[in-house]
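Residue numbers (my numbering): 29 to 424. The beta carbon of each residue, even a glycine, is placed where N, CA and C say it ideally should be. Contents: one structure, followed by commentary.
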Amino acid sequence: MFDSRRFWIAIILCLAGGVLYADENHFKNVLVGDRAATMGGTYIAIADDSTGGYYNPAGLAYSVGDTISGSGNAYYTSKTRYKKTIGNQDWERDSETVLPNFFGITKSLGRTMLAFSYIVPDSFIEHQDQDYKFGSDVYFLSLHTEHQSNMSGPSIAYRFDDTWSLGASVFYGWGITRKLQNEYQKIGSDPIKNTFQSTKREESFLQSRIGVQSNFLEPLTIGLVYVETIPLALNVQKNISVVSSQTQTFSNSTEELPLKKPRQFSLGLAYFLSHDWLLAMDLDYLSSSTSGLNSVINYSFGGEWFLDAENAFRLGYFTNNDNRQEPGSNTVGPHEKIDMTGFTLGYSSYTRTSSFTLGTIYSSGKGKAQVYSGLADIRDLERTSLTLIFAANYNY
Numbered sequence: 029m030f031d032s033r034r035f036w037i038a039i040i041l042c043l044a045g046g047v048l049y050a051d052e053n054h055f056k057n058v059l060v061g062d063r064a065a066t067m068g069g070t071y072i073a074i075a076d077d078s079t080g081g082y083y084n085p086a087g088l089a090y091s092v093g094d095t096i097s098g099s100g101n102a103y104y105t106s107k108t109r110y111k112k113t114i115g116n117q118d119w120e121r122d123s124e125t126v127l128p129n130f131f132g133i134t135k136s137l138g139r140t141m142l143a144f145s146y147i148v149p150d151s152f153i154e155h156q157d158q159d160y161k162f163g164s165d166v167y168f169l170s171l172h173t174e175h176q177s178n179m180s181g182p183s184i185a186y187r188f189d190d191t192w193s194l195g196a197s198v199f200y201g202w203g204i205t206r207k208l209q210n211e212y213q214k215i216g217s218d219p220i221k222n223t224f225q226s227t228k229r230e231e232s233f234l235q236s237r238i239g240v241q242s243n244f245l246e247p248l249t250i251g252l253v254y255v256e257t258i259p260l261a262l263n264v265q266k267n268i269s270v271v272s273s274q275t276q277t278f279s280n281s282t283e284e285l286p287l288k289k290p291r292q293f294s295l296g297l298a299y300f301l302s303h304d305w306l307l308a309m310d311l312d313y314l315s316s317s318t319s320g321l322n323s324v325i326n327y328s329f330g331g332e333w334f335l336d337a338e339n340a341f342r343l344g345y346f347t348n349n350d351n352r353q354e355p356g357s358n359t360v361g362p363h364e365k366i367d368m369t370g371f372t373l374g375y376s377s378y379t380r381t382s383s384f385t386l387g388t389i390y391s392s393g394k395g396k397a398q399v400y401s402g403l404a405d406i407r408d409l410e411r412t413s414l415t416l417i418f419a420a421n422y423n424y
């Protein structure tokens with residue numbers, strides 16, 4: 029006879045090993061800057077402010093004067109739902125954080141523009157508290173994950189004439205992920221089991237960005253960017269403590285894992301319909317970095333309208349696609365794939381020497397997940413996120 033109790037207990041124990049703690053498979057989790065972010069990150073053919081060091085260093089050559097810029101995601105929240113993970117019960121993970129995501133300065137030296145930037149291309153704080161009861165059997169999972177990636181470095185751009193420019197950036201990048209996971213199990217007559225696991229993951233890398241920009245087809249501007257990332261180190265440390273009845277075990281391990289990053293090729297087009305209207309499009313190609321991962325194409329569209337010299341409105345659309353394989357018979361858990369799309373909206377107010385920007389980013393996606401460790405069972409996956417942006421710039 030089918031024993032549903034034992035079946036769901038077995039499923040629960042498979043879930044214990046299926047918790048993912050980092051997302052390195054999307055490349056537009058955070059839109060950097062203010063003007064760029066509120067245009068859906070569509071900035072390759074524009075990039076004429078301090079964020080140009082990140083989007084297209086060549087665009088820095090057309091920025092005006094010396095500037096200090098700072099922007100922040102005033103509030104970021106997201107929700108991920110794994111549907112019907114245990115019976116009809118969903119798994120849900122919530123994330124909230126407040127962070128600055130860009131700081132930059134520029135210095136003009138004739139045809140040459142120098143810049144220095146600090147960038148947060150990805151960050152989240154995620155929580156999950158889930159309990160399952162089947163008669164006298166109890167399972168509880170508490171998960172807390174923190175992740176932040178950082179990049180910092182100089183940029184240089186040179187304007188050959190009014191029609192084209194060349195630029196380059198070199199960034200030192202570092203990231204850290206911390207995961208704390210606590211599981212409590214009381215299954216039948218078995219001893220009560222409490223498992224605590226902590227994981228810390230640290231990485232560092234160097235990244236170079238080379239860009240060119242030209243408006244020789246004015247009013248159309250074209251931008252091209254090549255991004256190469258060189259891994260320096262990746263270290264993962266795990267500590268596990270298991271308490272069962274009167275016994276306790278403890279183990280720890282340190283792993284140095286190989287790390288490869290995809291190469292990125294980007295094309296941007298910006299069409300200046302008039303002094304007040306701008307339409308732009310970007311296309312990003314990211315190559316497959318390791319076996320089992322796919323190449324990815326992301327695209328974005330943005331528009332900008334100046335009501336007058338002091339007020340501007342922007343909107344945008346972007347994709348944030350996943351480079352993992354589609355879950356299927358040739359993959360097992362933990363494994364997932366979810367492609368995201370997003371919309372942006374923003375407003376900027378300008379004075380002669382400063383500006384501030386307010387904006388919002390909303391993204392959502394649906395995908396598939398294999399949440400049971402070592403099993404091929406597939407569940408539906410949904411994710412939504414909302415970001416509020418505040419930014420300020422000062423020209424001196």
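### Query
In whole angstroms, what separates the C-alpha of Tyr200 from that of Ile258?
10 Å
Legend entry - Whole-angstrom distance between Gly181 and Ile114, CA atom to CA atom: 46 Å
Give the secondary structure of Tyr90 by DSSP, where H, G and I count as helix, E and B as strand, and everything else as coil. It is helical.
Can you give me the C-alpha to C-alpha distance between Asn222 and Met179, rounded to a whole angstrom? One C-alpha to the other measures close to 38 Å.
Using DSSP with H/G/I as helix, E/B as strand and the rest coil, what is Pro247?
coil
- Item | Spatially closest choice to Glu410 from Leu416, Leu403, Ser391, by CA coordinates | Residue Ser391 is the option with its Cα nearest to Glu410.
Is the beta carbon of Arg291 closer than 9 Å to that of Asn84? In this structure, Arg291 does not lie closer than 9 Å to Asn84 by Cβ.
ask   = Does the region 64-74 come close enough to the region 306-318 that 3 or more CB-CB pairs lie under 8 Å?
value = yes
Once you ignore the five residues that flank Phe341 on each side, which residues in its own chain have a CB closer than 6 Å to its CB?
Trp333, Tyr375
Which word fits Ser413, buried or exposed, when buried means at least 16 other C-beta atoms lie within 10 angstroms of its C-beta?
buried
| task | Under 7 Å Cβ to Cβ from Tyr422, same chain only, skipping five residues before and after it: list those, please. | result | Thr95, Ile96, Thr381, Ser382
Find the nearest neighbour of Leu373 within the set Ala337, Ala65, Thr108, judged by alpha-carbon distance. Distances from the CA of Leu373 to each of Ala337, Ala65, Thr108 were compared; the closest alpha carbon is that of Ala65.
Does DSSP classify Pro182 as helix, strand or coil? Reduced to three states, the DSSP call for Pro182 is strand.
Assuming Gly195 contacts Ala86 (C-beta within less than 8 Å), just tell me the rounded distance between them. 4 Å
Taking the alpha-carbon of Leu321 as reference, which of Lys288, Ser328, Gly344, Asp118 has the nearest alpha-carbon? The option with the nearest alpha carbon to Leu321 is Lys288.
Using the C-alpha atoms, what's the distance from Gln176 back to Asp150? 6 Å
Problem - Spatial distance of Gly296 from Ser302 (CA atoms) - result: 19 Å
Requested in this report: Below 6 Å CB to CB, which residues in the same chain sit around Ser328 once its five sequence neighbours on both sides are set aside?
Outcome: Gly68, Gly69, Thr70, Asp310, Phe346
(request) Could you check the C-alpha separation between Gly46 and Gly387 for me, to the nearest Å? (result) Below a pLDDT of 50, predicted positions are generally treated as unreliable, and Gly46, at 46, falls in that range; the measurement from the model is reported next regardless. Roughly 36 Å separates the two Cα atoms.
query: Can you name the start and end residues of the beta strand (DSSP E) that Tyr327 belongs to?
result: 324-336
Please determine, among Arg407, Tyr378, Asp304, Phe384, the residue with the shortest C-alpha to C-alpha distance to Gly356. Selection Arg407, Tyr378, Asp304, Phe384 evaluated against Gly356 yields Arg407 as nearest (Cα-Cα).
- Message: Taking the straight line between their C-alpha atoms, what separation do you get for Glu459 and Asn358?
- Response: Outside the displayed range of the chain (29 to 424) lies residue 459, so it cannot be described from this structure.
Could you tell me the distance, in whole angstroms, from the CA atom of Val264 to the CA atom of Phe233?
15 Å
* Between which two residues does the alpha helix (DSSP H) containing Gly296 stretch? -> Gly296 -> not in any alpha helix (DSSP H); beta strand (DSSP E) instead, spanning 292-300.
C-alpha distance - Tyr49 paired with Ser242, whole-angstrom precision:
Any reading at Tyr49 needs caution, since the residue's pLDDT is 46, under 50, leaving its predicted position unreliable; the model's value is listed next. One C-alpha to the other measures close to 42 Å.
Extent of the continuous alpha helix (DSSP H) to which Tyr400 belongs
Premise fails: Tyr400 is in no alpha helix (DSSP H) and is neither H nor E.
*asked:* Going by DSSP, what residue range makes up the beta strand (DSSP E) through Gly374?
replied: 363-378
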